[in-house]
Amino acid sequence: MPGLGYPDLVSQEPKRAVQPLSNEALRHFHDGADLLRQGRLKEAEPLFRAVIARYPDLPEANATLGALLGALGRPQEAEPYLRRALRARPDSADAHGNLGNLLRDLGRLAEAEACLREALRLRPRYPEALNNLGAVRRDQGDQAGAGNAFRAALEQRPGFHLARANLAQLLLQQGQAAAAEAQYRLLLRATPQDAAILAGLGESLRRQGRHAEAEAHLREALRLRPESGAAWVELGNILLAAARPVEAALCFHAALERDPRQPEAHLGLGIAAAAQGDYAAAEKHFRAALALNPDLAAAHNSLGDTLRNQKAFREAEASLRRALQLAPDLAEAQVNLAFTLLQTGRDEEGWAAYEHRWQAAPWAHRPQHLPGRLWQGEDLTGQSILLQAEQGLGDTLQFVRYAQLFPPETRVVLRVQRSLVRLLQRLPGIAGVQSLDEPPPALDWHASLLSLPHRFGAAAPAVPYLAAEPSRVAAWRQRLAHLPGVRIGLAWAGSPGMAADARRSLPLHLLEPLAELSGLSFVSLQRGPAADATSRLPLERPAMDGDDFEDTAALVMALDLVISVDTAVLHLAGGSGRPVWLLNRYDSCWRWQEGRDDSPWYPSLRQFRQPAPGDWASVVRSLQTALARKAWITGTCQG
Numbered sequence: 001m002p003g004l005g006y007p008d009l010v011s012q013e014p015k016r017a018v019q020p021l022s023n024e025a026l027r028h029f030h031d032g033a034d035l036l037r038q039g040r041l042k043e044a045e046p047l048f049r050a051v052i053a054r055y056p057d058l059p060e061a062n063a064t065l066g067a068l069l070g071a072l073g074r075p076q077e078a079e080p081y082l083r084r085a086l087r088a089r090p091d092s093a094d095a096h097g098n099l100g101n102l103l104r105d106l107g108r109l110a111e112a113e114a115c116l117r118e119a120l121r122l123r124p125r126y127p128e129a130l131n132n133l134g135a136v137r138r139d140q141g142d143q144a145g146a147g148n149a150f151r152a153a154l155e156q157r158p159g160f161h162l163a164r165a166n167l168a169q170l171l172l173q174q175g176q177a178a179a180a181e182a183q184y185r186l187l188l189r190a191t192p193q194d195a196a197i198l199a200g201l202g203e204s205l206r207r208q209g210r211h212a213e214a215e216a217h218l219r220e221a222l223r224l225r226p227e228s229g230a231a232w233v234e235l236g237n238i239l240l241a242a243a244r245p246v247e248a249a250l251c252f253h254a255a256l257e258r259d260p261r262q263p264e265a266h267l268g269l270g271i272a273a274a275a276q277g278d279y280a281a282a283e284k285h286f287r288a289a290l291a292l293n294p295d296l297a298a299a300h301n302s303l304g305d306t307l308r309n310q311k312a313f314r315e316a317e318a319s320l321r322r323a324l325q326l327a328p329d330l331a332e333a334q335v336n337l338a339f340t341l342l343q344t345g346r347d348e349e350g351w352a353a354y355e356h357r358w359q360a361a362p363w364a365h366r367p368q369h370l371p372g373r374l375w376q377g378e379d380l381t382g383q384s385i386l387l388q389a390e391q392g393l394g395d396t397l398q399f400v401r402y403a404q405l406f407p408p409e410t411r412v413v414l415r416v417q418r419s420l421v422r423l424l425q426r427l428p429g430i431a432g433v434q435s436l437d438e439p440p441p442a443l444d445w446h447a448s449l450l451s452l453p454h455r456f457g458a459a460a461p462a463v464p465y466l467a468a469e470p471s472r473v474a475a476w477r478q479r480l481a482h483l484p485g486v487r488i489g490l491a492w493a494g495s496p497g498m499a500a501d502a503r504r505s506l507p508l509h510l511l512e513p514l515a516e517l518s519g520l521s522f523v524s525l526q527r528g529p530a531a532d533a534t535s536r537l538p539l540e541r542p543a544m545d546g547d548d549f550e551d552t553a554a555l556v557m558a559l560d561l562v563i564s565v566d567t568a569v570l571h572l573a574g575g576s577g578r579p580v581w582l583l584n585r586y587d588s589c590w591r592w593q594e595g596r597d598d599s600p601w602y603p604s605l606r607q608f609r610q611p612a613p614g615d616w617a618s619v620v621r622s623l624q625t626a627l628a629r630k631a632w633i634t635g636t637c638q639g
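In the UniProt record's numbering, the protein residues as written are 1 to 639.
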């Protein structure tokens, strides 16, 4: 039977050395074989049992019934029949192959491997046994060995779809989504109406970020097999990756309607809930997934991340370490563990774990085709290094300070976002600054800015390290001279493309109570779509120089105080040494650490934290109190 994994489910016609079979037994055998060819396994079972009742030692009947029971998911019942067949025919490659596959189903992998190797010794050209050996090696954690076995099976039989499907799934597990896509497309060429292959192709496309193509293939798979819970789960995963959590949740519910015992569906519902900030619901679904499969590493990882966002740091760490016990190569769990450690002030271990981010999309993408070798702490005296931005503008502004720690004899070149080039050209000790859209220069070494804390293993360099051009600062002071009292810059929203932006940003109208305070003038530092927001708060909206942060830095230096959500303006003010207040969401970013209202990164920064998720009203009341007592001067404010 195709796809069952038991190579010799329908045996050859039985022969008896001592006496011929009765006509009735022979008829039962042939009728059973016909039913097997039609896929009617349950109907075939009693016919083979009838043959064995009359002829208990008939190897063909024992082998076929054993393989049949294995295919029906009853491996413990099957084993005695397969062993009886093997005793009668110890030189039968099929008997060894079937027993090996059965032992794999029973989790007895070493015995399974021995049987399959014996089958291959007896019959070297045996693609089914090679395929099953690949499955055993995969289950043993030997991905390289599994891939070799699947490829060997395909060399012997290029049209062996089960081996190709196994290879495609393995490539996905190895993170080789493009290679998996190629295998699925070969399968689809042969079986264009196969829903499972369409779903696998969709998953490979999702992992490459090609969400629209992936969605189209999954919807076609579900048109062909709407009852497939696994396909509904994968469509939900695609919609999650496309930042459509509400639609994704509908898919996961559809999967559970078809099969309530799908841990992956609960996992998806949890991720969808977390994406919308509902961590309590997310935790419930992750625990439901683990109740169904306690060894689901992805659920332990997601539970740990959700517990961190609920400030249950010890439980979060335990969940994440359990995920890594189950799946040591799960980079997402390493990154979430890094966030947990960094958020609780355990920097050395946290920065080491954060180096796994390169394998954990979408956190970071390792720069490709950079010159020189990757720097991992070597002495660079008399050599050159390219330091590359890898994530957001705020990350670049925060970590560019480490560029000053290289020896004076090292030629350091920065490669950063275009809007930061002119500002960072003023950074001391830098030989040059170029934009990310320019070809990188030929240097001896390269490194990512966010790897520097781990590589240096030192406290952050002193602030301030950012400076605006003095003439620009003077010009801004002149432009703002008409504003009475204390001049305060406001930034109330981050980039809409950031996953947590809906939680870190607040509507401008929530800041209207600040208008009740006298002696204050507010200046907009907001960029992006939110800059056009309206409210009753009197707000100066100066025209800034496009996207150039040097002009913004000069404006910041001309202000008395900056109040901002967690966005690039905050890092600009902090790195310039200006008084800056952070309006911080409840599920704070790791960099602000837990249990403090100051910052290890910026001495001039004070935090105003949400006491509960979404509670900006309390933050604004604390802000009013601090402004009323001029806390940016005294340095005393309570977040």
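For glycine and all other residues, C-beta sits at the position ideal for the given N, C-alpha and C.
Item                                                                                                                                                                                        : Value
Which class does Q417 belong to by DSSP, given the choice of helix, strand or coil?                                                                                                         : coil
Applying the 10 Å Cβ sphere with the 16-neighbour rule, what's the burial state of G3?                                                                                                      : Interpretation of G3 is limited by its pLDDT of 35, a score under 50 that renders its predicted location unreliable; the figure taken from the coordinates is listed afterwards. Classification for G3: exposed.
Say whether the segment 419–428 touches the segment 535–552, bearing in mind that this needs 3 or more beta-carbon pairs closer than 8 Å, one atom from each stretch.                       : yes
Would you tell me roughly how many angstroms separate the C-alpha atoms of L561 and A403, rounded to the nearest one?                                                                       : 27 Å
Return the bridge partner residues of Q388 from the DSSP annotation.                                                                                                                        : R415, S448
Can you say whether P75 is buried or exposed, counting buried as having 16 or more other CB atoms within 10 angstroms of its CB?                                                            : buried
In three-state DSSP terms, what is L525?                                                                                                                                                    : coil
With respect to the beta strand (DSSP E) encompassing N584, which residues constitute its N-terminal and C-terminal limits?                                                                 : 580–584
If we count the other Cβ atoms within 10 Å of its Cβ and call it buried at 16 or more, is G175 buried or exposed?                                                                           : exposed
Hey, quick one: how far does the alpha helix (DSSP H) through Q276 stretch, first residue to last?                                                                                          : No alpha helix (DSSP H) contains Q276, which DSSP labels as neither H nor E.
So, helix, strand or coil for I430, using DSSP?                                                                                                                                             : coil
Please go through the same chain and pick out, in chain order, the residues whose beta-carbon is closer than 6 Å to the beta-carbon of H139, but skip the five residues on each side of it. : Note that residue 139 is Asp in the sequence shown here, rather than His. Answer for D139: L109, listed in chain order.
What did DSSP end up calling R287 once you bin it into helix, strand or coil?                                                                                                               : helix
Mind checking whether R541 and E512 have CB atoms under 7 Å apart?                                                                                                                          : no
Could you tell me which whole beta strand (DSSP E) segments of length 3 or greater appear in the segment 473–545?                                                                           : 486–491, 520–524
For the structure I just gave you, are there three or more beta carbon pairs, one from the segment 375–387 and one from the segment 436–453, closer than 8 Å?                               : yes
Is the distance from the Cβ of A289 to the Cβ of P245 below 7 Å?                                                                                                                            : no
Going straight from the alpha carbon of Q593 to that of W351, what length do you get?                                                                                                       : 14 Å
Closer than 6 Å by C-beta to A331: which residues in its own chain qualify, once you throw out the five before and the five after it? Chain order, please.                                  : H356, Q359, A360
Any idea which residues DSSP pairs S564 with across the strands?                                                                                                                            : A491, L582
Could you please give me the residues that DSSP links to R606 through a beta bridge?                                                                                                        : W581
Nearest to G494 by CA position, among Q334, E203, L582, is which residue?                                                                                                                   : L582
By a C-beta neighbour count over all protein chains shown, 10 Å radius and 16 as the cutoff for buried, is V215 buried or exposed?                                                          : Note on residue identity: the sequence assigns Glu, not Val, to residue 215. That one is buried.
Under a Cβ-count criterion, where at least 16 other Cβ atoms within 10 Å of its own Cβ denotes burial, should S384 be classed as buried or exposed?                                         : buried
State the start and end residues of the unbroken alpha helix (DSSP H) segment that holds F29.                                                                                               : 23–37
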